[in-house]
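Since the structure comes first, as structure tokens, the remarks are kept for the end.
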Amino acid sequence: MSYHPNDVSRRATVARLLLGAGFLALISAFFRAQVLRNKEYLAQAEQNRFREVPLAAPRGIIYDRNGRVIAENLPGYAVSLLSPTADSLRSAMRRLTNIIPITDDQVEAAVRRWRKNPTRPAVILPDAPFDVVAVLEERRVENPSLIIQSTPKRYYPDGPAVAAFVGYTGEVTERELADTMHNDYKPGQQIGKGGLERSYEAQLRGREGMRYVEVDARGRVVRDAGARAELEPEAAKPLRTNIDMDLQKYVVELLGDSLRAGVVALDPNDGAVLALHSAPTYDPNRFVGGIPADYWRELNTDPRRPLYNKVIQGRYPPASTWKLATSAMAMEAGLVQFDDYMPQPCTGGYRYGRYFRCWNHRGHGNINLRQAIEQSCDVYFYQVGLKLGLSRLVAGGLKLKMRERSGVDLPNETQPQFPPDAQNYFNERYGTRGWVAGSVALNLSIGQGENAQTLINMARFYTALATDGKAARPEIVSRNPERVQIMNLTEAQMQGLRLAMAGVVSSRGTANSARVEGITVAGKTGTAQNPPHPDHAWFMGFAPAERPRIVVGVFVEYGEHGYVAARIATKVMARYLKAATAPVVTTE
Amino acid sequence: MTRRIPDLPLVLTALALSLFGVSMVYSAGQTDTMTFVANLWKTQSVWLVVAVLAAFGASRASVRFLDWVTPFAYVLTLVVLLLTLAFGGGAGTAASSKSWLVIGGMRIGQPAELAKITVVLMLARVLANRREPPESLLDLWHPALVVGIPWVLIMLQPDLGTGIVFIGIFFAMLFWSGVNWRLLLLIASPAISLVLAFSTRLWGAWFLLLLGMVWLYRPYLIEGIVLVCINVVTGVVAPILWEKLAPYQQKRLLVFLDPSIDAKASGYHVIQSQVAIGSGGWFGKGFTLGTQKRLNFVPEQETDFIFAVVGEELGFIGVTLALTLFVALFLRAIRISSRANDPYASLIAFGLLASWLVHVVENVGMTLNLMPITGIPLPFFSYGGSFMLASWLSVGILMRISGEGRGRGDLAAI
Chain A
167 MSYHPNDVSR RATVARLLLG AGFLALISAF FRAQVLRNKE YLAQAEQNRF REVPLAAPRG
227 IIYDRNGRVI AENLPGYAVS LLSPTADSLR SAMRRLTNII PITDDQVEAA VRRWRKNPTR
287 PAVILPDAPF DVVAVLEERR VENPSLIIQS TPKRYYPDGP AVAAFVGYTG EVTERELADT
347 MHNDYKPGQQ IGKGGLERSY EAQLRGREGM RYVEVDARGR VVRDAGARAE LEPEAAKPLR
407 TNIDMDLQKY VVELLGDSLR AGVVALDPND GAVLALHSAP TYDPNRFVGG IPADYWRELN
467 TDPRRPLYNK VIQGRYPPAS TWKLATSAMA MEAGLVQFDD YMPQPCTGGY RYGRYFRCWN
527 HRGHGNINLR QAIEQSCDVY FYQVGLKLGL SRLVAGGLKL KMRERSGVDL PNETQPQFPP
587 DAQNYFNERY GTRGWVAGSV ALNLSIGQGE NAQTLINMAR FYTALATDGK AARPEIVSRN
647 PERVQIMNLT EAQMQGLRLA MAGVVSSRGT ANSARVEGIT VAGKTGTAQN PPHPDHAWFM
707 GFAPAERPRI VVGVFVEYGE HGYVAARIAT KVMARYLKAA TAPVVTTE
Chain B
3 MTRRIPDLPL VLTALALSLF GVSMVYSAGQ TDTMTFVANL WKTQSVWLVV AVLAAFGASR
63 ASVRFLDWVT PFAYVLTLVV LLLTLAFGGG AGTAASSKSW LVIGGMRIGQ PAELAKITVV
123 LMLARVLANR REPPESLLDL WHPALVVGIP WVLIMLQPDL GTGIVFIGIF FAMLFWSGVN
183 WRLLLLIASP AISLVLAFST RLWGAWFLLL LGMVWLYRPY LIEGIVLVCI NVVTGVVAPI
243 LWEKLAPYQQ KRLLVFLDPS IDAKASGYHV IQSQVAIGSG GWFGKGFTLG TQKRLNFVPE
303 QETDFIFAVV GEELGFIGVT LALTLFVALF LRAIRISSRA NDPYASLIAF GLLASWLVHV
363 VENVGMTLNL MPITGIPLPF FSYGGSFMLA SWLSVGILMR ISGEGRGRGD LAAI
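If you're matching them up, the sequences are chains A and B in order. What the first sequence shows, in my numbering, is residues 167 to 754, in sequence order. What the second sequence shows, in my numbering, is residues 3 to 416, in sequence order.
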């Protein structure tokens, strides 16, 4: 090698220069990272180590009109896992399976929750039983990424008794999350799933709080409380309803578990829903925090369809309860008065093209409107229907809001079925020559034919009969009572109708067996043909007949005859009116 | 050799670095959830004592003795490397590689660390024995072979990091022996071709430049042709070679270009290391108090990424101090190298310097993503016995060379 001192010192200089350049390059890189971009990296470091743990807010308590609790919160436990990756979440859960039961579905559900929001602890058990929590707490040291927190759990003290309107809560689903309406929801949160819980979700929800835990690189909780100031959850305000729990429970008792029926009780003056029940019922408490699969299957395969709300979802021909609608229309048109007789007396049937039968084969003889209502004479109403004609029958029904939802504050109310017009609808359905307006009118006039109503909508119609012709929108929670004029009859005519209906629940009427001591009940029975099965039973009515304070609608599937429903309805009215005179005890 | 401690500044600098290093290993163990790392500083302290003693022992060996023993040491190194390949095992993050010599289940050490020294010794011997520095590619076959054989054995382990160190040593020593920079560039040209092959345009430009250089420098005709051919081949073969790389190797190189492409896995180390260093600021979060380190976000914090702990806890000031100490060490080594009293000793000193330098630049650069991650330790800092021993053996050899070397004036006598 060339080792002349000059060469060596020249190379040494080059080496020193290169070294100095390298040193400067490194130092300036560190200066840039540590001094110039310090804030940015500091923020990243903070983000690295803090994890938000949501603190669920207690949902608003739901009270009845007397301050009795319908829905409240019990302390429950939610178990979640912090995890940096989906795989580590999976393996952590698999480790847990050694000590607590976790199904594969639960693992996948947790992974999906994690994917939606990886910085939030993935909820693995939204509602952990206490024994599971105890086991986990014991083994906490081995599973440092575990977060166990007490979280309010929804509870309905009278569970099955309020199932028809209260709904239930559950974890927000992926489908709900995808909906823009729910874009402020996060996976793992609870949401109202049905009934009031869903209708008033915004009010009942409250505001979630936030706690911060410090975690290490593997997502293990290193410091729990005090790592950072926490944000207290904000409880929601209570929700007061119009429900009368005493009456509601009475209704539930009356129906028991053997009937398939719906009952609704309204205050006709403001539409307040006093009771609403659909039998058979289910226990919404078992739905909270995830419906057990076997219970769900049991409810879904039950032929009595407990999940199907017979008050707001069931749609049935209104049958003779409709005769009041026909009467009101005819009187408004000036076609018939209470003492008017029809051209043909009832001989058990009426010939119009074919033979239309009266329910009473022996015939009612020559009767007036009042008697026709009392005895529910079909032949009389066939003739009223013919007088009105199809177009007036349809227009009248539409005016009575028979094609509209009642507007009760519950989700999933079914729209009643009623022809939107007197021509096109039938033409489309049967072809221009496939139907005869008269026959259709005959059927419609007695509540059969192209007409299927929900119990709640019929009850709304009867609030108009019970008052001054204004129908009140049913309200479980008082919003802004809304009453709409659907009938234009004189006060005398209204009183006359109510009197005729009182006759129904008298020794002369079809519901004579439903009479109760001391109260004049007005109403109308209905027996809806349901071939090949037994007929359905209706009763719509109110009490006291002179100045009604309660409207009750009862529908019994396969009830065979209207008086079956009537007996239930009159008992409900009696209970309410007797209790209402007694002083109200407020337990709030 | 009358002084008891030759070259005190060198020893003190190395000792300062080592003590700094051991305290960082201690700090690396101070995590919120304690792991085995918590106790490593004790082991490291023991190793440091052993290594310093070994250094003083090595400083007793004269350069002549080193010269005599070099061939044997070199052959022994090759044998041990072969044994490692046959019976070796992995450890830590490189569990699948074979870089540890394992005898009866006991991990004896990483022979590659000692190979770095013996290769420097052997290369110095070969280069020093020449009257003139190698002037053509043909002249270089012997030095190339000296480095090439162990390099291949190490790349087979595979240990890319040490492989890079060998290349650094090779070029640095050729430079120090007086090889013309243009020849160095020609030797390096296939590697440059390899890197530039990913962009056809860049590679084309480089190839034109190379042709110009061959024309100007005028090596032998055959050499010129071979060189150009090799460049063409590497340029064409590179993409195929890329396919041959293991996925983790590919990822490491890609992550170097953009860590966020694989932020959770391969890029994770680099990102977390940058966050730790960047969040340190001017003065750091305080000794043992780095949050990223405490919560284990810094990967390999006691070995490859120990400098991230320095950056996080001691801040820019600490980083500057550490790098200044290294520069002081390197300047001292350059001084020793230029004052050594024979070419052999001088080359050894420069080779050892090169070995350290590559380690420091690569390791420190990697923590800020200035260099691709190759799993190379930081001298005097990273936890590891063989490496501490090798570093201090180098110090010992440098001490001896410094002690034997006299003034600049005496060198002229050769």
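All residues carry an ideal CB built from backbone N, CA and C; glycine is no exception. This structure is a prediction, so every number in the text was calculated from the model and none was measured.
Beta-carbon contacts of A/LYS567 that lie in its chain and below 8 Å, excluding the five residues immediately before and after: ASN623, ARG626, PHE627, ALA637, VAL650, ILE652
Alpha carbon to alpha carbon, how far is A/ARG558 from A/VAL429? Give it in angstroms, no decimals. 31 Å
Given a cut-off of 8 Å on the beta-carbon distance, is the pair A/ALA222 and A/THR339 in contact? no
Which residues mark the beginning and the end of the alpha helix (DSSP H) in which B/HIS361 is found? 345–369
Closer than 7 Å between beta carbons: that is the criterion. Which residues of the segment 178–198 of chain A meet it against chain B? ALA178, ALA181, ARG182, LEU185, GLY188, PHE189, LEU192, ILE193, ALA195, PHE196, PHE197
Output needed for A/LEU370: all residues of its chain with C-beta closer than 7 Å, excluding positions within five of it in sequence on either side, in chain order. ARG225, GLY226, GLY358, GLU363, ALA402, LEU405
From A/PRO714 to A/PHE296, what distance separates their C-alpha atoms? 51 Å
Say whether chain A places a C-beta atom closer than 8 Å to the C-beta of B/THR293. yes
Taking just the CA atoms, how far does B/LEU210 sit from B/GLY180? 27 Å
Taking any Cβ of chain B, which residues in the segment 298–311 of chain A have a Cβ under 9 Å from it, in chain order? PRO310
Cβ-based neighbour list, B/MET373, same chain, cut-off 6 Å, excluding 5 preceding and 5 following: GLU364, GLY367
Does the pairing of the segment 181–199 of chain B with the segment 389–399 of chain B give three or more beta-carbon distances under 8 Å? no
The beta strand (DSSP E) that contains B/TRP205, what's its start and end? Element bounds for B/TRP205: not the beta strand (DSSP E) but the alpha helix (DSSP H), 202–219.
Which chain A residues sit within Cβ distance under 8 Å of B/ILE336? ALA178, ALA181, ARG182, LEU185
Just the C-alpha distance for A/MET411 and A/ALA441, rounded to the nearest angstrom, thanks. 7 Å
Output, in chain order, the set of chain B residues within a Cβ distance shorter than 8 Å of A/LEU405. Those do not exist, as A/LEU405 stays about 44 Å from chain B at its closest Cβ, beyond 8 Å.
If contact means a Cβ-Cβ distance below 7 Å, which residues of the segment 252–265 of chain A contact chain B? none
What residues match up with A/CYS512 in a beta bridge as DSSP calls it? A/GLY531
Neighbour list for A/LEU208 in chain B, Cβ cutoff strictly below 8 Å: GLY280, SER281, GLY283
Output yes if chain B places a C-beta closer than 8 Å to the C-beta of A/ARG122; else output no. With chain A represented from 167 up to 754, any question about residue 122 of chain A goes unanswered, as that position is not in the structure.
Simplified DSSP state of B/ALA414, which is helix, strand or coil: For B/ALA414, the pLDDT reaches just 38, beneath the cut-off of 50, and the residue's location in the model is therefore unreliable, although a value from the coordinates is still provided. In the structure shown, B/ALA414 sits in coil (DSSP, three-state: anything other than H, G, I, E or B).
Going along the chain, which residues of the segment 173–199 of chain B sit with their C-beta nearer than 8 Å to a C-beta in chain A? PHE177, TRP178, SER179, GLY180
How many angstroms separate the CA atom of B/ALA16 from the CA atom of A/VAL273? 54 Å
Spell out the partners DSSP gives A/GLY242 in its beta bridges. A/THR317
Taking 8 Å as the threshold, find out whether the segment 186–194 of chain A comes into contact with the segment 320–330 of chain A through three or more Cβ pairs. no
I'd like the list of long-range same chain contacts for B/ASP412, defined as Cβ closer than 8 Å, with 5 residues on each side in sequence excluded. Low confidence applies here, because B/ASP412 scores a pLDDT of 42, under 50, leaving its location unreliable and the question unanswered by this model.
For A/LYS690, three-class secondary structure by DSSP: strand
Taking Cβ positions only, does B/ALA415 come closer than 8 Å to chain A? Interpretation of B/ALA415 is limited by its pLDDT of 37, a score under 50 that renders its predicted location unreliable; the figure taken from the coordinates is listed afterwards. Not an interface residue.
Excluding sequence positions up to five away, which residues of its chain have a Cβ less than 6 Å from the Cβ of A/ARG426? ARG470, GLU723
B/SER384: which of B/PRO11, B/SER47, B/ILE224 sits nearest, CA to CA? B/SER47
Assign A/PRO224 to one of three DSSP states: helix, strand, or coil. coil
To which residues of the same chain is A/TRP280 closer than 7 Å at the C-beta, ignoring the five residues directly before and after it? SER249, ALA252, LEU255, ALA288
Identify whether B/LYS253 lies in helix, strand or coil by the three-state DSSP scheme. helix
Could you tell me which chain B residues have their CB closer than 7 Å to the CB of A/ARG386, listed as they occur along the chain? THR35
Give the secondary structure of A/GLN614 by DSSP, where H, G and I count as helix, E and B as strand, and everything else as coil. coil
Can you tell me where the beta strand (DSSP E) holding A/THR335 begins and where it ends? 335–337
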